[in-house]
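Quick note, the sequence shown lines up with residues 8 to 286 if you use our numbering. Don't be surprised by glycine CBs; every beta carbon is placed ideally from N, CA and C. In this text the structure is predicted, and so the values were computed from the model without any measurement. Note sheet for the following structure.
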Amino acid sequence: MSPSELDRIAAIDDPYLLLRTATERLNAAQQEVTELARLRRRVIQELHAQGMSYAQIAEKAGLSRGRIHQIKHTGPAPEGAFLGTGTITLATPLKREAGNARPVVAMEDVTAAKRLEDLARGFGLAMNLEHVPLGGEIDLNRPNLIVICGPKLSPVMGALYESDPVLEWVKDGAWTLRDRRTGQTYRSGEDSDPARPVDYAYLGRLARPDGNGTLLVFTGIHPHGTLGVVDLLTSEIATLWGQAGESRFSTVVGVEYDPATGEPVRTELASPLYRHEEP
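Printed below as a string of C-alpha cells:
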C-alpha cells in the first residue's frame with residue numbers, strides 16, 4: 008500500500024467506514040501478496056525447466072541461491088492458477104425436482120463445490136459460491152469464474168459450449184458428448200443397455216462472451232461425471248496445468264464410480280486435451 012493510500016484511509020472520520028475500508032484493503036493486499044508469491048515461484052520453475060541452474064537464476068535475479076531455493080519451496084503452488092487467481096466465484100445450478108416446489112441444488116453438486124473449495128483453499132485461493140438460477144440466466148463476463156452447469160439447465164451455457172471448436176453436446180435420446188475431430192461419441196453408462204457405472208464429463212476453459220477473458224466450465228452427463236472432474240482436478244491439477252496453462256482448451260473426462268455410493272473410483276482423460284489455439 009502506498010503512503011498516500013494509507014494516509015487516505017487513516018484520514019477517514021467515520022470509524023465504521025474506516026474499519027470496513029481498512030479490512031477490504033487488507034484483504035486485497037493479502038490476495039496480491041499470495042499471487043505475487045505464486046508468480047515468482049512459477050517463474051523460477053519455468054526458468055529451471057528451460058535448463059538454467061538455481062545458481063544462474065539467483066545471479067541473474069540479484070538474489071542468493073539460498074533465497075531462490077526458499078522461494079521454490081514456499082508459497083502457493085503455481086498450478087493453482089489453473090482454477091484462477093485471488094477470489095474465485097463458483098456457480099452451481101438450481102434445479103426443480105418433481106414434487107418439490109422449491110428449487111434445490113443436487114447433492115452431488117454440493118459435494119463437488121465443497122471439494123473444489125477445499126482444493127482452492129490449499130492453493131491460497133478464496134472462493135465465493137453462487138447459484139445458476141432456474142431458467143439458466145447467468146453473467147459469464149466476470150473474472151475468475153467457474154461454472155458447473157450443462158446445456159440442459161441453461162441456454163446461456165448451451166451457447167457457450169457451442170463456441171467449442173472440437174467438442175459438442177448432442178441430444179440423441181440422452182445427452183452425449185461428441186468429438187468432432189475423431190467422430191468419437193461418449194455416452195454415459197447410465198444411458199446404455201446394459202447400464203454400467205461409467206460416466207463422462209466436459210472440462211474446458213472457454214472464452215467469455217464479451218471476449219475479455221475466459222472461464223472454467225465443467226459438468227458430467229450425469230452427476231457422477233461432475234464428481235469425477237473434481238477428483239481428477241484434485242489428483243492431476245499439476246499435469247493439467249502443464250498441458251493447458253491458462254490457454255483455452257477442452258477435454259472429455261471419464262469416470263468409473265462405485266454404484267453403491269456414487270463415489271469415483273477411477274478418473275482419467277477419455278479424449279485428448281485440445282488446446283483451442285492449436286489447429
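Beta-carbon within less than 8 Å of residue i's beta-carbon, same chain only, minus the 5 sequence neighbours each way: which residues are those?
| i | result |
| --- | --- |
| PRO286 | Unreliable positioning characterises PRO286 in this predicted model, as indicated by a pLDDT of 48, which lies under 50. A coordinate reading is not provided. |
| VAL50 | none |
| ARG255 | GLY211, ARG212, LEU213, ALA214, THR221, ARG282, HIS283 and GLU284 |
| ALA288 | This structure does not reach residue 288, given that the chain is present from 8 up to 286, and the question cannot be answered. |
Could you tell me whether the Cβ atoms of residue i and residue j are closer together than 8 Å?
| i | j | result |
| --- | --- | --- |
| ILE153 | THR226 | no |
| GLY87 | PHE130 | yes |
| VAL139 | PRO110 | no |
| ASP206 | GLY180 | no |
| LEU160 | TYR209 | no |
| GLY211 | ALA202 | no |
| THR258 | TYR281 | yes |
| ARG48 | PRO85 | yes |
| ILE95 | ALA127 | yes |
| LEU54 | LEU223 | no |
| THR92 | ASN151 | yes |
| PRO83 | THR30 | no |
| ARG72 | ALA56 | no |
| THR241 | ARG122 | yes |
Who are the near neighbours of residue i in its chain, counting only those whose CB is closer than 6 Å to its CB and skipping five residues on each side?
| i | result |
| --- | --- |
| PRO271 | LEU234, GLY235, ASP238, VAL262 and TYR264 |
| GLY157 | THR226 |
| PRO230 | ALA113 and GLU115 |
| ARG185 | GLU175, VAL177 and THR192 |
| GLY143 | LEU160, SER161, PRO162 and VAL163 |
| LEU276 | THR258 |
| ILE16 | THR28 and ALA29 |
Please determine, among the options, the residue with the shortest C-alpha to C-alpha distance to residue i.
| i | options | result |
| --- | --- | --- |
| ARG187 | PRO172, ALA181 and SER195 | PRO172 |
| LEU43 | PRO22, LYS79 and GLU31 | LYS79 |
| PRO162 | TRP176, PRO150 and GLU275 | TRP176 |
| THR274 | LEU223, GLU243 and VAL40 | GLU243 |
| GLN191 | ARG255, LEU46, THR92 and PRO279 | PRO279 |
| LEU124 | ASN148, ALA98 and GLY143 | Residue identity check: residue 124 is Glu in the sequence provided, not Leu. Answer by Cα proximity: ALA98. |
| ASP146 | ALA120, LEU132, ARG215 and MET134 | ARG215 |
In the DSSP assignment, the alpha helix (DSSP H) including residue i goes from what residue to what residue?
| i | result |
| --- | --- |
| ASP125 | 114-129 |
| VAL111 | Looking at the DSSP string, VAL111 is not in any alpha helix (DSSP H), and its letter there is neither H nor E. |
| GLU284 | Segment: none, GLU284 is in no alpha helix (DSSP H) and carries neither H nor E. |
| LYS79 | 72-80 |
| LEU174 | Per DSSP, LEU174 belongs to no alpha helix (DSSP H); it is in the beta strand (DSSP E), 174-179. |
| HIS138 | That residue, HIS138, is in no alpha helix (DSSP H); its beta strand (DSSP E) goes 133-139. |
| GLU66 | 61-68 |
| ILE244 | 230-251 |
| ALA166 | 162-168 |
Return the chain-ordered list of same chain residues with a C-beta closer than 7 Å to the C-beta of residue i, the five sequence neighbours on each side being excluded.
| i | result |
| --- | --- |
| ARG103 | PRO110 and LEU141 |
In the DSSP assignment, find the beta strand (DSSP E) that holds residue i and state where it starts and stops.
| i | result |
| --- | --- |
| THR274 | 271-276 |
| LEU33 | Note, LEU33: premise wrong, no beta strand (DSSP E); alpha helix (DSSP H) at 22-56. |
| ILE153 | 152-155 |
| LEU222 | 221-227 |
| LEU213 | 205-214 |
| THR99 | 94-100 |
Compare the C-beta of residue i with all C-beta atoms of chain D and state if any pair is closer than 8 Å.
| i | result |
| --- | --- |
| MET134 | This model lacks chain D altogether; it includes just one protein chain. |
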